[in-house]
Each structure stands twice: as C-alpha cells, then as structure tokens.
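Enquirer: Here the sequence shown stands for residues 1 to 246, numbered as in full-length UniProt numbering.
Just so it is clear, CB atoms sit at the ideal spot from N, CA and C, and this is done for glycine as well.
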Amino acid sequence: MHLQALRQRFVTSTLVQQEFSRTYGFRISQDTVRRRLVEADLHPYTPARDPLLTPDHRRQRLLFANDHLNWNDNDWANVLFTDESRFCLYSDDRRVRVYRRLGERYAQCNIVGTVSHGGGSVMVWGGISSAAHTDMVIVDRGRMTAHRYITEVVEPHVVPFALGDDFLLMDVNARPHIARVVQNYLTDVNIARMVWPPRSPDLNPIEHIWDNMLREVRTLQPPPMALNELSQSLIHIWNNIDHLRP
C-alpha cells in the first residue's frame, strides 16, 4: 500500500483502495488506507507549485547558479532586483474555513461574498537592492509595452538608481523587457542587464516582498473597497518596506 503511494505520489486513497481490492480480493475502507499510510509516515499535503521547467530551463538555472557560486555580499549589492506583480481587490477565500452548526450553511454570518474576476486588480512594478528600493510604479491603463517600460519604469526609476560601473539590472524575461528598443535604450544609458534564467521567479528575492505585501493587504481594516484605495494601500506598504524584509 505504502509502496504504491511512493511510486505514484499523487495517487488518491480511493485508487489505493481499489487496487488493494483487485490484488487481495477483499475490500478495506478509505479510512484504513489513510491510517496505514500515516503509519508509514506518509501524510497528505498540498503539493508545492513551481514553474514547469524543460531540460533546457534546468540547464540554464544550473549555469546561472554555477556562474554566481562565488559571489559575495558586495557583488549582490550591485544588483537591482525588479519585477511586476498583480494584486486583486478581493482576495481568493477558497481556503477560508467557517465554524457553523448543521443547517446554517447559508446564514449571512457564514457566507463569504464573491466578486467576478476578483473585483479588478492593480499591476505594480518595483525594484529592491540590498540597501534600498525604488518607488513603486502603478501600471494602469492596459498592459505593459516596451515603450511604456522605458518611459514609465526604466527612465524615471532605474536610471537614477544605476550608480557605479558595476550596477546590474535584474528583470524577468518578459517580452517588453527584452524588446530590441529596450536593449538599445539600456545600451545608450550604459545599464547592463543581468543574464537571468527563464521561468525562475523563485530565484528573485523580491518575490518574498510581494508575498508579504499580499499578507499586509489582507489584514487592512477597513479593507480597500475600490482600485484606487488598493493602489494607495500598496504604495503605503511599499514605502514602509523595511519591516517587510524576510
């Protein structure tokens, strides 16, 4: 039983029960299956989710790790880590649990309200280094383009931050970021881009900031009820970013 679970990590207790019945000719309950697996120190957990990586992605990630294996704090201090993130006005409450009596499922006090598409969202851009952070940019009025990336992000927020000959800009490999016009602009202003492996958000330390900001937003009382309120809340949290550092 536990060998099947080890060979098929995402197998369900129902499938284990069915396989056991076919093999041994008698039925056992799913509770028995779960107990036996727990006795074998196999517990059910929500699986971790990571970007789907191809062999080439893995090769590039390994190459990146090897290239920076001997970097020290001073080397990393030259890097401005940047990213964009989207925050929904109303968060996903599917994991919320409510304590209630039988028959009270639809009592008003036990209902979590839902809004289509999360009630709208705010896209933001930000950058952090080991010692400071940029201003936060609210990316409104549609999607980010190469032209907008230059005029709304790089020129007003990255260029003033790019001090010293060793400065490196780390940005994800989104299409607007790697457009030829953006590359030409960065060359003109003497800003070097860090070679970043594709599909590797987990390597970017700013992801911890986004996660902590989301937690902060969810604790706001009263919660933001409109997109402009959410934008102002995000800016306030970002401007007080020091206490969010993991």
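#1: Given 8 Å as the limit, is there contact between the segment 219–226 and the segment 196–205, that is, 3 or more CB pairs closer than that?
#2: Rounded to a whole number of angstroms, what is the C-alpha to C-alpha distance between Asp31 and Gly103?
#3: What's the C-alpha gap between Val11 and Pro160?
#4: Among the residues of its own chain, which have a CB less than 8 Å from the CB of Thr134, if the five just before and after it don't count?
#5: Would you report the Cα separation of Arg218 and Tyr24, rounded to the nearest angstrom?
#6: Please work out which residues of its chain come closer than 7 Å, Cβ to Cβ, to Glu152, disregarding the five sequence neighbours upstream and downstream, and give them in chain order.
#7: Can you give me the C-alpha to C-alpha distance between Arg94 and Leu214, rounded to a whole angstrom?
#8: Let's test the definition: count the other Cβ atoms within 10 Å of the Cβ of Leu230 and tell me whether it reaches 16, buried, or not, exposed.
#9: According to DSSP, what are the bridge partners of Ala192?
#10: Use the C-beta contact count for Phe26: other C-beta atoms within 10 angstroms, 16 or more gives buried, fewer gives exposed.
Expert: Based on what the coordinates show:
#1: Judged by Cβ distances under 8 Å, the segment 219–226 makes no contact with the segment 196–205, as fewer than three pairs qualify.
#2: Working through the sequence shown from its first residue, we reach residue 31 at position 31. Working through the sequence shown from its first residue, we reach residue 103 at position 103. If I take the Cα positions, the gap works out to 26 Å.
#3: Residue 11 sits at position 11 when you count from the first residue of the sequence shown. Residue 160 sits at position 160 when you count from the first residue of the sequence shown. Cα-Cα distance, rounded: 53 Å.
#4: The residue given as residue 134 occupies position 134 in the sequence shown. Within the same chain, and ignoring the five residues on either side of Thr134 in sequence, the residues whose Cβ sits closer than 8 Å to its Cβ are Leu80, Thr82, Gly126, Gly127, Ile128, His157, Val158 and Phe161.
#5: Locating residue 218 in the sequence shown gives position 218, counting from the first residue. Locating residue 24 in the sequence shown gives position 24, counting from the first residue. Cα to Cα, Arg218 sits roughly 51 Å from Tyr24.
#6: One-based indexing of the sequence shown puts residue 152 at position 152. Sequence-distant Cβ neighbours of Glu152 in its own chain, meaning closer than 7 Å and more than five residues away, are Val137.
#7: Reading the sequence shown from its first residue, position 94 is the one you call residue 94. Reading the sequence shown from its first residue, position 214 is the one you call residue 214. Because Arg94 carries a pLDDT of 46, less than 50, the predicted location of this residue cannot be relied on, and the following value inherits that uncertainty. Answer to the nearest angstrom: the Cα atoms are 16 Å apart.
#8: In the sequence shown, the residue the question calls residue 230 occupies position 230. Result: buried.
#9: Looking up residue 192 in the sequence shown gives position 192. Answer by DSSP bridge pairing, in chain order: Leu168.
#10: Against the sequence shown, residue 26 aligns to sequence position 26. For Phe26, the number of other beta carbons within 10 angstroms of its own is below 16, and it is reported as exposed.
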